[in-house]
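The structure appears below as structure tokens.
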Amino acid sequence: MTTITKGILLRIKQGDRLAFRALYDAYAPLLYDLGFRLLRDTAAAEELVQDCFVKVWSTRAEIQEDRDLWPLIYVMAKRLCFNQLRHARVTRKYLVEVTDVQVNDVEQRLDVRELESHLEHSIESLPEQQKRALRLSRLEGYSHQQIAAEMGISPNTVKNHITQALKNIRKTLPQADYNYLMIAYGFWLIANGL
Numbered sequence: 001m002t003t004i005t006k007g008i009l010l011r012i013k014q015g016d017r018l019a020f021r022a023l024y025d026a027y028a029p030l031l032y033d034l035g036f037r038l039l040r041d042t043a044a045a046e047e048l049v050q051d052c053f054v055k056v057w058s059t060r061a062e063i064q065e066d067r068d069l070w071p072l073i074y075v076m077a078k079r080l081c082f083n084q085l086r087h088a089r090v091t092r093k094y095l096v097e098v099t100d101v102q103v104n105d106v107e108q109r110l111d112v113r114e115l116e117s118h119l120e121h122s123i124e125s126l127p128e129q130q131k132r133a134l135r136l137s138r139l140e141g142y143s144h145q146q147i148a149a150e151m152g153i154s155p156n157t158v159k160n161h162i163t164q165a166l167k168n169i170r171k172t173l174p175q176a177d178y179n180y181l182m183i184a185y186g187f188w189l190i191a192n193g194l
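Residues 1 to 194 (full-length UniProt numbering) are what the sequence shown spells out, left to right.
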């Protein structure tokens, strides 16, 4: 490793670009090696070298000529590397979380669509009176008395049709899917003011 003399450090402190070039030539390969070893990326290692020397140049007035500059540059480079690694780890973690949320959201939408399709098929396969009573009750928001008047049957018969329709639907869906679907259906009714 080339030793930078007090005279070169003094000239750098005074803004001498040729002296700064000598410092760069002496330490840039060492910084690059350190950066590549820690970051495993040539572009990141090159950027590290540039960042270190920009920092040295911008703080050149604080250089102490009687102290070796290499340990300070070395510590600065290590900190920059660790900051970059920490930032990359946080970014990766965030991307994984965002991807998981998006995948889960898509999967949930597919599950809901599948359940809705299954529910619609189950409703369509009901006997006509049960299907009509269920639709008027759940989709139109009619009371049992209103459905009875509409269908020309007693309110008690309406209740029986709806109860039987729900039992038939429950038979066609697994219990967990049925419970999930009924909860989702309840939220849909509330959201639509029914």
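Note that beta-carbon positions come from the ideal geometry of N, C-alpha and C, so glycine has one too.
Notebook entry, point to check: Can you name the start and end residues of the alpha helix (DSSP H) that residue 62 belongs to?
Noted result: One-based indexing of the sequence shown puts residue 62 at position 62. Where residue 62 is concerned, there is no enclosing alpha helix (DSSP H), given that its DSSP letter is neither H nor E.
Next item on the list: Give the straight-line distance between the Cα atoms of residue 28 and residue 57, rounded to the nearest whole angstrom.
Entry: Here residue 28 refers to the residue found at position 28 when the sequence shown is read from its first residue. Here residue 57 refers to the residue found at position 57 when the sequence shown is read from its first residue. So the two alpha carbons sit approximately 14 Å from each other.
Checklist line | Buried versus exposed call for residue 121 [16 or more other C-beta atoms within 10 Å across all chains shown] | finding: Residue numbering aside, residue 121 sits at position 121 when the sequence shown is read from its first letter. Under this definition residue 121 is an exposed residue.
Next item on the list: Could you give the DSSP three-state label for residue 172: helix, strand or coil?
Entry: Residue 172 sits at position 172 when you count from the first residue of the sequence shown. DSSP places residue 172 in helix when its eight states are reduced to three.
Notebook entry, point to check: By Cβ distance below 7 Å, which residues in the same chain neighbour residue 12 in space, the five residues on each side in sequence not counted?
Noted result: Here residue 12 refers to the residue found at position 12 of the sequence shown. Taken in chain order, the residues that qualify are 19, 20, 23, 60 and 63.
Item checked: Minimum C-alpha distance to residue 33 - residue among 8, 68, 74 and 16 -> Translated into the one-based positions of the sequence shown, residue 33 becomes position 33. Measuring from the Cα of residue 33, the nearest candidate turns out to be 74.
Checklist line | Straight-line Cα distance separating residue 85 from residue 65 | finding: Start at 1 with the first residue of the sequence shown, and residue 65 comes out as number 65. Start at 1 with the first residue of the sequence shown, and residue 85 comes out as number 85. Each residue's Cα considered, the two are about 32 Å apart.
Margin query: What residue range does the alpha helix (DSSP H) around residue 146 cover?
Written below: As a first step, residue 146 must be located in the sequence shown, where it is residue number 146. First-last of the alpha helix (DSSP H) with residue 146: 144–151.
Next item on the list: Decide if residue 197 is buried, meaning its Cβ has at least 16 other Cβ atoms within 10 Å, or exposed.
Entry: Outside the displayed range of the chain (1 to 194) lies residue 197, so it cannot be described from this structure.
Next item on the list: Could you please give the first and the last residue of the uninterrupted alpha helix (DSSP H) stretch that includes residue 29?
Entry: Counted from its first residue, the sequence shown places residue 29 at position 29. Element bounds for residue 29: 17–39.
Notebook entry, point to check: From residue 161 to residue 134, what distance separates their C-alpha atoms?
Noted result: As a first step, residue 161 must be located in the sequence shown, where it is residue number 161. As a first step, residue 134 must be located in the sequence shown, where it is residue number 134. If I take the Cα positions, the gap works out to 8 Å.
Next item on the list: Take residue 88 as the anchor and find which of 40, 52, 125 and 54 has the nearest alpha-carbon.
Entry: Within the sequence shown, the letter at position 88 stands for residue 88. Answer by Cα proximity: 40.
Notebook entry, point to check: Going straight from the alpha carbon of residue 71 to that of residue 30, what length do you get?
Noted result: To locate residue 71, count along the sequence shown from 1; it is residue 71. To locate residue 30, count along the sequence shown from 1; it is residue 30. Distance between the alpha carbons of residue 71 and residue 30: 12 Å.
Next item on the list: Taking only the alpha-carbon atoms, compute the straight-line gap between residue 68 and residue 43 and give it to the nearest angstrom.
Entry: Sequence index remark: in the sequence shown, residue 68 carries index 68 (1-based). Sequence index remark: in the sequence shown, residue 43 carries index 43 (1-based). Their backbone Cα atoms lie some 28 Å apart in a straight line.
Margin query: Please identify the residue among 54, 45 and 144 whose C-alpha is closest to the C-alpha of residue 17.
Written below: As a first step, residue 17 must be located in the sequence shown, where it is residue number 17. Of 54, 45 and 144, the residue nearest in Cα terms is 54.
Item checked: Beta-carbon proximity list for residue 132, same chain, < 7 Å, skipping 5 on both sides -> Counted from its first residue, the sequence shown places residue 132 at position 132. 151.
Check: Nearest to residue 125 by CA position, among 7, 140 and 171, is which residue?
Finding: Residue mapping note: residue 125 aligns to position 125 of the sequence shown, counting from 1. With distances taken between Cα atoms, residue 125 lies closest to 171.
Check: So residue 51 is in the alpha helix (DSSP H); what residue range does that whole segment cover?
Finding: Within the sequence shown, residue 51 is the residue found at index 51, counting from 1. Taken as a continuous stretch (DSSP letters only), the alpha helix (DSSP H) holding residue 51 covers 42–58.
Note to self: Measuring straight from C-alpha to C-alpha, what distance separates residue 146 and residue 159?
What the structure shows: Here residue 146 is taken as the residue at index 146 of the sequence shown, counted from 1. Here residue 159 is taken as the residue at index 159 of the sequence shown, counted from 1. Using only the alpha carbons, I get a separation of about 12 Å.
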